[in-house]
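If you count by the working numbering, then the sequence shown holds residues 16 to 225, one letter each, in order.
Every residue gets a Cβ at the ideal spot worked out from N, C-alpha and C, and that includes glycine.
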Amino acid sequence: MRSKLSNIGLSNVGKALRIIIYLVILVGIACWIYDLYTMRSEWRASLVDMPRIEYSLPTYATIHLDVDVYNPSHSKVRARFVWYSIYVENQFVGEGFEPYIELRPGHNVLHLDAKIDLSRLPCPVLEALYEGRNVTVSIRGYAVIDLMLFGVVSYKQLLVPFNKTVEELKPPTIPEHVKDALKLYVYLCEHRSEVAKLLEKLGGAIWGTR
Numbered sequence: 016m017r018s019k020l021s022n023i024g025l026s027n028v029g030k031a032l033r034i035i036i037y038l039v040i041l042v043g044i045a046c047w048i049y050d051l052y053t054m055r056s057e058w059r060a061s062l063v064d065m066p067r068i069e070y071s072l073p074t075y076a077t078i079h080l081d082v083d084v085y086n087p088s089h090s091k092v093r094a095r096f097v098w099y100s101i102y103v104e105n106q107f108v109g110e111g112f113e114p115y116i117e118l119r120p121g122h123n124v125l126h127l128d129a130k131i132d133l134s135r136l137p138c139p140v141l142e143a144l145y146e147g148r149n150v151t152v153s154i155r156g157y158a159v160i161d162l163m164l165f166g167v168v169s170y171k172q173l174l175v176p177f178n179k180t181v182e183e184l185k186p187p188t189i190p191e192h193v194k195d196a197l198k199l200y201v202y203l204c205e206h207r208s209e210v211a212k213l214l215e216k217l218g219g220a221i222w223g224t225r
């Protein structure tokens, strides 16, 4: 009789242990699903500093950006890439691309650069830079994040956009060698119709002699 009671008691203890184990597993899965949801909803990116313009070669400038990407998870993840485009006075001036960036938990400040060919800038931007006027700079872009399953397998790619406009940004003092190039570009902008006619005449004269 006692052996039967002890067997029943052990059986009940075993069932209770199995139930507890199942509950722990279910709670763990629920917490994991909740963590995935909060990770997907809390990712964000933003511009954390004023863009900086730096002149290098006579025909080139570089715009420096500091973008903060917030990682809400508790582990390091990888951004497959960060892409961004830059607009000055609502005119597209350049873009950049940074592949495979490691993102720690919390805030990550990314130092991004975009090189700009001054000879290809729209005329309103050239004139504003040459005259040293304050300009409006807009940055638009996104980071593509690999969300990892148990930190091992990528199960989803998350798009984290950022969009920021900075008004009345003061350009730096233009070096003389850059100012001469800008002066030429501005002149061509102001007289583009005359230059186009001159090139057309020169082209006609060259083809006419052949």
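Pairwise C-alpha distance: Ala158 and Ile35: As a position in the sequence shown, residue 35 is number 20, starting the count at 1. As a position in the sequence shown, residue 158 is number 143, starting the count at 1. In this structure, the straight-line span from the alpha carbon of Ile35 to that of Ala158 is close to 42 Å.
DSSP bridge partner residues for Val159 (one or two, in chain order): By one-based count along the sequence shown, residue 159 stands at place 144. According to DSSP, which records beta bridges pairwise, Val159 is partnered with Phe96 and Leu174.
Tyr200 versus Arg135: straight-line alpha-carbon distance, rounded: As a position in the sequence shown, residue 200 is number 185, starting the count at 1. As a position in the sequence shown, residue 135 is number 120, starting the count at 1. For Tyr200 and Arg135, the distance between alpha carbons rounds to 9 Å.
Between the CA atoms of Thr77 and Lys185 - distance to the nearest angstrom: Mapped onto the sequence shown, residue 185 falls at position 170. Mapped onto the sequence shown, residue 77 falls at position 62. C-alpha separation (whole angstroms): 15 Å.
At least three beta-carbon pairs within less than 8 Å, the stretch 136 to 143 to the stretch 100 to 113: Yes, since at least three Cβ pairs between the stretch 136 to 143 and the stretch 100 to 113 fall closer than 8 Å, the two stretches touch.
Between the CA atoms of Arg95 and Glu205 - distance to the nearest angstrom: The sequence position of residue 205 within the sequence shown is 190, counting from 1. The sequence position of residue 95 within the sequence shown is 80, counting from 1. Distance between the alpha carbons of Glu205 and Arg95: 44 Å.
Local conformation of His206 per DSSP, three classes: Taking the sequence shown and counting its residues from 1, one reaches residue 206 at position 191. It is coil, neither helix nor strand.
Three-state class that DSSP yields for Pro114 in the structure shown: Numbered from 1 along the sequence shown, position 99 holds the residue referred to as residue 114. In this structure, Pro114 counts as strand in the three-state DSSP scheme.
Beta-carbon proximity check, Val175 vs Ile154, cutoff 9 Å: If you number the sequence shown from 1, residue 175 lands on position 160. If you number the sequence shown from 1, residue 154 lands on position 139. Cβ atoms of Val175 and Ile154: not closer than 9 Å.
Residue interval of the beta strand (DSSP E) (run including Leu80): As a position in the sequence shown, residue 80 is number 65, starting the count at 1. Tyr75 to Asn86 is the extent of the beta strand (DSSP E) around Leu80.
CB of Glu117 within 9 Å of CB of Trp98, strictly: Taking the sequence shown and counting its residues from 1, one reaches residue 117 at position 102. Taking the sequence shown and counting its residues from 1, one reaches residue 98 at position 83. No, the pair does not count as a contact, with Cβ atoms beyond the cut-off.
Secondary structure of Ser134, DSSP reduced to three states: By 1-based counting over the sequence shown, the position of residue 134 is 119. Helix at Ser134.
Residue burial classification, Asn86 (beta-carbon count within 10 angstroms, cutoff 16): Looking up residue 86 in the sequence shown gives position 71. Under this definition Asn86 is a buried residue.
Beta-carbon proximity of Phe177 to Val92, cut-off 9 Å: Along the sequence shown, one-based indexing puts residue 177 at 162. Along the sequence shown, one-based indexing puts residue 92 at 77. Taking 9 Å as the Cβ cut-off, Phe177 and Val92 do not qualify as a contacting pair.
Contact belief for Tyr145 with Leu197 at Cβ below 8 Å, rounded distance in angstroms: Within the sequence shown, residue 145 is the residue found at index 130, counting from 1. Within the sequence shown, residue 197 is the residue found at index 182, counting from 1. That belief holds up - the Cβ atoms of Tyr145 and Leu197 are roughly 4 Å apart, short of 8 Å.
Enclosing beta strand (DSSP E) for Ile68 [first to last residue]: Here residue 68 refers to the residue found at position 53 of the sequence shown. Start and end: Arg67 to Tyr70.
N- and C-terminal bounds of the beta strand (DSSP E) containing Arg59: Looking up residue 59 in the sequence shown gives position 44. That run of the beta strand (DSSP E) goes Arg59 to Leu62.
Member of Val152, Leu173 and Lys194 whose CA lies at the smallest distance from the CA of Glu182: Counted from its first residue, the sequence shown places residue 182 at position 167. With distances taken between Cα atoms, Glu182 lies closest to Val152.
Those residues which DSSP pairs with Asp128 across a bridge: Mapped onto the sequence shown, residue 128 falls at position 113. Its beta-bridge partners are His79.
Top-ranked residue by Cα proximity to Glu57, from Pro190, Leu162 and Thr180: As a position in the sequence shown, residue 57 is number 42, starting the count at 1. Among Pro190, Leu162 and Thr180, the Cα nearest to that of Glu57 belongs to Leu162.
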